[in-house]
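As you go down the protein sequences, you meet chains A and B in turn.
For the first sequence, the numbering used here assigns the number 1 to the initial residue and increments by one for each residue that follows.
For the second sequence, the numbering used here assigns the number 1 to the initial residue and increments by one for each residue that follows.
Ideal Cβ placement from N, Cα and C applies to all residues, glycine included.
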Amino acid sequence: MDTERKLKQWQQAELIDQGTAERILAFEKHQPAPKKLPLLLMIGLIFFALAVFSFIAANWQSIPDIAKVLLMLSLMWLFYTIAYFSEKKAFGYPLLFRVIGLAMFGATLLTVAQTFHFPLANSVLPWAMFLAALAHYFYWRHLIYSLIGFFFGGSVLMSFLPNIGWVEWGIFIAVTFGWFYFSKNFASTAFSWILLFASGFMLWGLVDYDSVLWPIWTLFALVSLLFIAPENKQQMIRPLYLMTAGILLVVYLAIRGQTFISIIDESHWLEAIALAIVAVGVLLISYFKFRSLMWIAIPGVIGLLLFDETAIGLAVVAELSGLAYLIIAQQQNEKLGLGFVYFIIVQFVIYIIYAWERLDMSLFFLIGAILLFLLSGAAWWINRRKEGVKP
Amino acid sequence: MKAWLLPIIQTVFIVVLLVSYYAATWFGEQYILRAEPLDPFDPFYGEYVMLQYPDLQSPSITDDSSIYFTLKTGEDGYAILDRVETNPFFGAIEGYVYDSRVTAPQLEQFYVEQGQGPQLEEIRDLQVTIDVSSWGIIRPISLEERIE
Numbered sequence: 001m002d003t004e005r006k007l008k009q010w011q012q013a014e015l016i017d018q019g020t021a022e023r024i025l026a027f028e029k030h031q032p033a034p035k036k037l038p039l040l041l042m043i044g045l046i047f048f049a050l051a052v053f054s055f056i057a058a059n060w061q062s063i064p065d066i067a068k069v070l071l072m073l074s075l076m077w078l079f080y081t082i083a084y085f086s087e088k089k090a091f092g093y094p095l096l097f098r099v100i101g102l103a104m105f106g107a108t109l110l111t112v113a114q115t116f117h118f119p120l121a122n123s124v125l126p127w128a129m130f131l132a133a134l135a136h137y138f139y140w141r142h143l144i145y146s147l148i149g150f151f152f153g154g155s156v157l158m159s160f161l162p163n164i165g166w167v168e169w170g171i172f173i174a175v176t177f178g179w180f181y182f183s184k185n186f187a188s189t190a191f192s193w194i195l196l197f198a199s200g201f202m203l204w205g206l207v208d209y210d211s212v213l214w215p216i217w218t219l220f221a222l223v224s225l226l227f228i229a230p231e232n233k234q235q236m237i238r239p240l241y242l243m244t245a246g247i248l249l250v251v252y253l254a255i256r257g258q259t260f261i262s263i264i265d266e267s268h269w270l271e272a273i274a275l276a277i278v279a280v281g282v283l284l285i286s287y288f289k290f291r292s293l294m295w296i297a298i299p300g301v302i303g304l305l306l307f308d309e310t311a312i313g314l315a316v317v318a319e320l321s322g323l324a325y326l327i328i329a330q331q332q333n334e335k336l337g338l339g340f341v342y343f344i345i346v347q348f349v350i351y352i353i354y355a356w357e358r359l360d361m362s363l364f365f366l367i368g369a370i371l372l373f374l375l376s377g378a379a380w381w382i383n384r385r386k387e388g389v390k391p
Numbered sequence: 001m002k003a004w005l006l007p008i009i010q011t012v013f014i015v016v017l018l019v020s021y022y023a024a025t026w027f028g029e030q031y032i033l034r035a036e037p038l039d040p041f042d043p044f045y046g047e048y049v050m051l052q053y054p055d056l057q058s059p060s061i062t063d064d065s066s067i068y069f070t071l072k073t074g075e076d077g078y079a080i081l082d083r084v085e086t087n088p089f090f091g092a093i094e095g096y097v098y099d100s101r102v103t104a105p106q107l108e109q110f111y112v113e114q115g116q117g118p119q120l121e122e123i124r125d126l127q128v129t130i131d132v133s134s135w136g137i138i139r140p141i142s143l144e145e146r147i148e
């Protein structure tokens, strides 16, 4: 026996005495033996399940419509029932069974869709799964349900295209806002926030006015969430705002610098000015209320800077904001990781925009490698200083 | 009891979905449409036949826009357009016009048994039987070869 061998070793190494070893052995002997399913039974069950599924699959077309749906529905009930008893009697994995139950609900919907020839663009299926996953999340509060909810929330948004309506969009925002408001952990809060941000992209389909700045407007609109979020949730979502602002700046810089299509014209002046004014408002609000988020006002100048075809203004803003963030974060002894990632990405985007066509390929990579090396060196040096090592 | 609430709601949802389609058969009218196939495949839904309807042609609205229409059975027994409007009205099927051809999302594809798609595509002359409720819901019933 393994325990006996181990105890003998410990005794020889004089870690435990004879009496202790005997007491441990006596205790172990009284423990109930772990229940194991016989191997043959397990193999038999797998084969049986396979046979049942093959039989159903082979006769699928001749099964009446209603029976197909009821079959899937009964599988859903089977797994929810197993989950219930597995939780009550403490065996197996209730979470796994419940997730399979939810998946079977999805499978039932797919069966209904196939049986009744749903159009592919129909949003009933993703909506039903999104709401079911959220209901599961609020009842059982597990990460896996928020993941499923996030996936199907994204599917709902995709299913809106190309003919999106204000009502369905409004309902989606209301539901996702509810999810955000009542979420307690980071994953769930972040997922709902990302979906709220993504729903802003739908404005491209909803509004006739052709704007390239909807994502920035959406980010500014999401500032209102900070007023209703309690202090701990504000801390939770703070990196999301900063990351999104950084990503927006880099994406607009890359688009403006790399594409030659006119993405903005004279008709957008008013919008660009309005965005800059709102950005000042966001700056003031964040200065008085959430000072660490003042950075998110920076994308407000993107509208005006997009008129410059060389993208130099955008590059300067991205570069200076990255640098300033790092310096201030270091002075305030805050984490530098995200700031550094942003700073390095900005360097590379600028490098690709301005150097790609002007350099020989080998020279391009050589300078790129030196740039990366210098940046890594700077990161290492700052971290070393932060840890208190005197140079 | 609370643990059973979600599966119960999910079941009710499925039942409502089913009833809404069966209601088209119970309370609606049946039409047979002339159809022509295309043949794509969807990894989630399986094999289906994309359909277009030569008899459903809109003389007045030809641009790519939403329309509302009803059907009636023509003299040859196949369905043709009855009333076509650009605004919704009770009993109308919501669809759209593409190159003056009229279709509705639920008429666009018909799921078929694996491997049957190419066969139906070869036949080309098909007919679709549908049930249409008086409130505009369509339940496709069958897709078969058309013999005229």
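Of the candidates B:88, B:87, B:59, B:55, B:55 places its Cα closest to the Cα of residue 72 of chain B. Listed along chain A is no residue with a C-beta nearer than 7 Å to that of residue 29 of chain B; the closest approach is about 18 Å. Secondary structure at residue 52 of chain A: helix, using DSSP grouped into helix, strand and coil.
Put simply, the CB of residue 117 of chain A is near chain B, with a gap under 7 Å to one of its CB atoms.
The beta carbons of residue 242 of chain A and residue 295 of chain A sit closer together than 7 Å. Along the region 5 to 18 of chain B, the positions whose C-beta sits under 7 Å from a C-beta of chain A are 6, 7, 10, 11, 13, 14, 17, 18, read in chain order.
Around the beta carbon of residue 32 of chain A, fewer than 16 other beta carbons lie within 10 angstroms, which makes this residue exposed. Contacts between residue 108 of chain A and chain B, judged by CB atoms closer than 7 Å, involve 14 in chain order. Rounded to whole angstroms, residue 54 of chain A and residue 48 of chain A show a C-alpha spacing of 10 Å. With a threshold of 16 other beta carbon atoms within 10 Å, residue 5 of chain B falls short and is exposed. Under the DSSP assignment, residue 239 of chain A falls in the alpha helix (DSSP H) whose first and last residues are 231 to 258.
Close to residue 140 of chain B, with beta-carbon spacing below 7 Å, are these residues of chain A in chain order: 117. With a 10 Å radius around the Cβ and a threshold of 16 neighbouring Cβ atoms, residue 365 of chain A comes out exposed. Interface residue (Cβ-Cβ distance to chain A less than 7 Å): residue 90 of chain B is not classified as such.
Only residues of its own chain outside the window of five on either side were considered, and among them 84 have a CB closer than 8 Å to the CB of residue 60 of chain B, listed in chain order.
By the neighbour-count criterion, in which a residue is buried when 16 or more other Cβ atoms sit within 10 angstroms of its Cβ, residue 124 of chain B is exposed. Here residue 34 of chain B carries a strand assignment [DSSP, helix/strand/coil]. Close CB contacts of residue 246 of chain A within its chain, under the 7 Å cut and outside five residues either way in sequence, are with 342 (chain order). Annotation: residue 49 of chain A has no Cβ neighbours in chain B at a cutoff of 7 Å; minimum Cβ distance is about 21 Å.
Per DSSP, residue 121 of chain B is one residue of the alpha helix (DSSP H) stretching across 116 to 123.
By the beta-carbon neighbour count (other beta carbons within 10 angstroms, threshold 16), residue 82 of chain B is exposed. Taking every protein chain shown into account, the CB of residue 269 of chain A has fewer than 16 other CB atoms within 10 angstroms, so this residue is exposed. Taking C-alpha positions only, residue 127 of chain A is separated from residue 372 of chain A by approximately 45 Å. Annotation: the continuous beta strand (DSSP E) that includes residue 69 of chain B extends over 66 to 73. The count of Cβ pairs closer than 8 Å, one atom from the region 320 to 333 of chain A and one from the region 270 to 286 of chain A, stays below three, leaving the stretches out of contact.
The region 297 to 313 of chain A makes contact with the region 205 to 224 of chain A: 3 or more CB pairs, one atom from each, lie closer than 8 Å. For residue 141 of chain B, the closest alpha carbon among the candidates A:131, A:118, A:141, A:139 is that of A:118.
DSSP places residue 78 of chain A in the uninterrupted alpha helix (DSSP H) bounded by 65 to 88. Using a 10 angstroms sphere on the CB of residue 19 of chain B, the tally of other CB atoms stays under 16, which defines it as exposed. Taken atom to atom, the span from the alpha-carbon of residue 323 of chain A to that of residue 95 of chain A is near 46 Å.
Counting only unbroken stretches of 4 or more residues, the alpha helix (DSSP H) elements lying wholly within the region 118 to 185 of chain A are 124 to 140, 143 to 160, 166 to 182, in sequence order.
Taking the C-beta atoms as reference points, residue 91 of chain B is found no nearer than 7 Å to residue 28 of chain B.
In its chain, beyond the 5 residues on either side, 189 have a beta carbon closer than 7 Å to the beta carbon of residue 233 of chain A. Under the Cβ criterion of 7 Å, residue 137 of chain A is not counted among the residues facing chain B. Among the CB atoms of chain A, none fall inside 7 Å of the CB of residue 68 of chain B.
Taking 7 Å as the cut-off, the Cβ atoms of residue 166 of chain A and residue 202 of chain A do not count as close.
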